[in-house]
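Visitor:
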Amino acid sequence: MVRGKTINGLMRHLRDEHNIDISGSKHKRELLNMGYYHGYKGYRFIRSSQNQIPYTDFNEVVAVYEFDANLKAILYPRLMFIETALKNYTLDTLISIGPVDFDNVFSNLLNDYKKENTGNSKYREKMKKRLELRNKINQAISYNYSEQKAVIQHFFHSNKPIPLWAIFEVINMGEFGFFLQCSNQDTRIKIAKDLNIHSTSHNQNGRIIEDIIFLIKDLRNAVAHNSVVFDCRFKKANPPARLKEYLQNETNQSNITFEHIVDYFIIVIFLLKKLGVSKTELKKIVRIFNDESEKLRNSIHAPIHTSIMGSDFRNKTKLLKSFI
81 MVRGKTINGL MRHLRDEHNI DISGSKHKRE LLNMGYYHGY KGYRFIRSSQ
131 NQIPYTDFNE VVAVYEFDAN LKAILYPRLM FIETALKNYT LDTLISIGPV
181 DFDNVFSNLL NDYKKENTGN SKYREKMKKR LELRNKINQA ISYNYSEQKA
231 VIQHFFHSNK PIPLWAIFEV INMGEFGFFL QCSNQDTRIK IAKDLNIHST
281 SHNQNGRIIE DIIFLIKDLR NAVAHNSVVF DCRFKKANPP ARLKEYLQNE
331 TNQSNITFEH IVDYFIIVIF LLKKLGVSKT ELKKIVRIFN DESEKLRNSI
381 HAPIHTSIMG SDFRNKTKLL KSFI
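Under the working numbering, think of the first position of the sequence shown as 81, with each following residue one higher.
1. Once you ignore the five residues that flank Asn224 on each side, which residues in its own chain have a CB closer than 7 Å to its CB?
2. Kindly indicate the opening and closing residues of the alpha helix (DSSP H) around Ser391.
3. Can you grab the Cα-Cα spacing for the pair His28 / Leu159, in whole Å?
4. Measuring alpha carbon to alpha carbon, tell me which of Lys297, Glu325, Glu330 and Trp245 ends up nearest Lys315.
5. Assuming Ser72 and Glu140 are in contact, meaning their beta carbons sit under 8 Å apart, how far apart are those beta carbons, in whole angstroms?
6. Give the straight-line distance between the Cα atoms of Ile293 and Asn252, rounded to the nearest whole angstrom.
7. In this structure, does DSSP put Pro243 in helix, strand or coil?
8. Rounded to whole angstroms, what is the Cα-Cα separation between Asn283 and Ile269?
9. Just list the residues that DSSP pairs Gln284 with in beta bridges.
10. With DSSP as the reference, please indicate the residues paired to Ile126 in a beta bridge.
11. Throw me the rounded Cβ distance for the Ile162 and Leu355 pair, which I believe falls under 8 Å.
12. Would you kindly report the start and end of the unbroken alpha helix (DSSP H) that includes Asp371?
13. Can you find the residues in the same chain that come closer than 8 Å, C-beta to C-beta, to Leu399, ignoring five residues on each side of it along the sequence?
14. Of all the beta strand (DSSP E) runs that stay within the bounds of the stretch 123-196, which reach a length of 3 or more residues?
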């Protein structure tokens with residue numbers, strides 16, 4: 081039988097094994113609130129377990145934990161807004177093209193595979209993604225029907241085809257990204273133009289919107305599930321160069337790598353501006369983000385802050401204000 085450590089035992093463990101100054105009722109309460117495994121073990125390194133943060137005082141752990149929590153509080157409502165708005169803009173574009181029952185859209189718009197020679201590797205790859213998308217959508221419909229989601233049940237019980245807007249209600253952001261990926265080039269470019277996110281230099285094939293969605297979905301999921309976000313460990317793949325170059329050109333930034341959280345704030349502010357959010361609100365978001373960074377800077381050693389935020393953090397936020 082395995083016996084776990086009590087909170088007092090965990091505090092002794094941090095003192096004796098990790099040389100962290102932790103004691104008293106305040107630290108005990110903070111460790112209980114954050115949890116040893118979700119809290120300390122989740123915030124003891126930057127991006128990789130090989131890059132341990134050299135904590136000496138438990139107050140530093142609390143500062144990083146609170147910084148992370150406050151980042152999620154800033155980002156959550158804005159990411160939900162962006163997800164909903166991007167789906168709605170896409171729907172509006174598709175409605176202008178033709179009927180938006182899913183069978184029609186699947187046949188006439190989700191046909192990017194037709195650009196390839198029949199049977200070659202790219203054709204098979206795109207066809208596979210298209211069929212996988214259909215399966216994922218059918219699974220989402222089935223799940224939401226069994227969960228008695230009214231919007232899905234209504235169309236089934238009325239013996240009507242499920243419109244695309246109802247499908248967009250039940251698919252996640254990744255599936256939405258695959259939807260755009262399977263769309264033909266003309267459709268992708270029209271959606272990008274309607275969002276004013278089109279560049280003949282960087283978006284010739286209309287892939288910028290799906291690049292953006294695949295990028296921010298990892299952040300969105302980490303925020304929504306209360307995972308660690310401060311060090312961008314949620315990032316699953318390196319974004320394509322065309323997206324980085326496009327953002328740098330649009331925002332007058334340089335060295336956007338998405339290795340630091342400031343770069344994700346750049347793309348969030350960029351999208352919110354494209355979606356018509358006021359300058360006052362955008363400036364407020366950047367100001368709060370700066371304040372949280374300064375609070376962290378005053379609570380941990382300077383090299384740790386630089387490792388978390390990047391050496392060019394201040395310049396990037398200054399340029400972000402100019403972009404707004």
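Glycine included, each C-beta is placed from N, C-alpha and C at the ideal position.
Guide: Quick look at the numbers:
1. As a working mapping, residue 224 is identified with position 144 in the sequence shown. Only Ile232 and Val250 meet the Cβ criterion.
2. Residue numbering aside, residue 391 sits at position 311 when the sequence shown is read from its first letter. From DSSP, Ser391 is part of no alpha helix (DSSP H); its letter is neither H nor E.
3. This structure does not reach residue 28, given that the chain is present from 81 up to 404, and the question cannot be answered.
4. Translated into the one-based positions of the sequence shown, residue 315 becomes position 235. Of the candidates Lys297, Glu325, Glu330 and Trp245, the one whose C-alpha sits nearest the C-alpha of Lys315 is Lys297.
5. Because the chain spans 81 through 404 in this model, residue 72 falls outside it and cannot be assessed.
6. Counting from 1 along the sequence shown, the entry for residue 293 is found at position 213. Counting from 1 along the sequence shown, the entry for residue 252 is found at position 172. Their backbone Cα atoms lie some 11 Å apart in a straight line.
7. Here residue 243 refers to the residue found at position 163 when the sequence shown is read from its first residue. Pro243 falls in the strand class under three-state DSSP.
8. Taking the first residue of the sequence shown as position 1, residue 283 is located at position 203. Taking the first residue of the sequence shown as position 1, residue 269 is located at position 189. In a straight line, the C-alpha of Asn283 is about 8 Å away from that of Ile269.
9. If you number the sequence shown from 1, residue 284 lands on position 204. In the DSSP output, where bridge partners are listed per residue, Gln284 has none listed.
10. Reading the sequence shown from its first residue, position 46 is the one you call residue 126. According to DSSP, which records beta bridges pairwise, Ile126 is partnered with Ser128.
11. Numbered from its first residue, the sequence shown carries residue 162 at position 82. Numbered from its first residue, the sequence shown carries residue 355 at position 275. Taking 8 Å as the upper bound for CB-CB distance, Ile162 and Leu355 are in contact here, some 7 Å apart.
12. Residue 371 sits at position 291 when you count from the first residue of the sequence shown. Start and end: Lys359 to Arg377.
13. In the sequence shown, residue 399 corresponds to position 319, counting from 1. Taken in chain order, the residues that qualify are Thr331, Asn332 and Gln333.
14. 128-132
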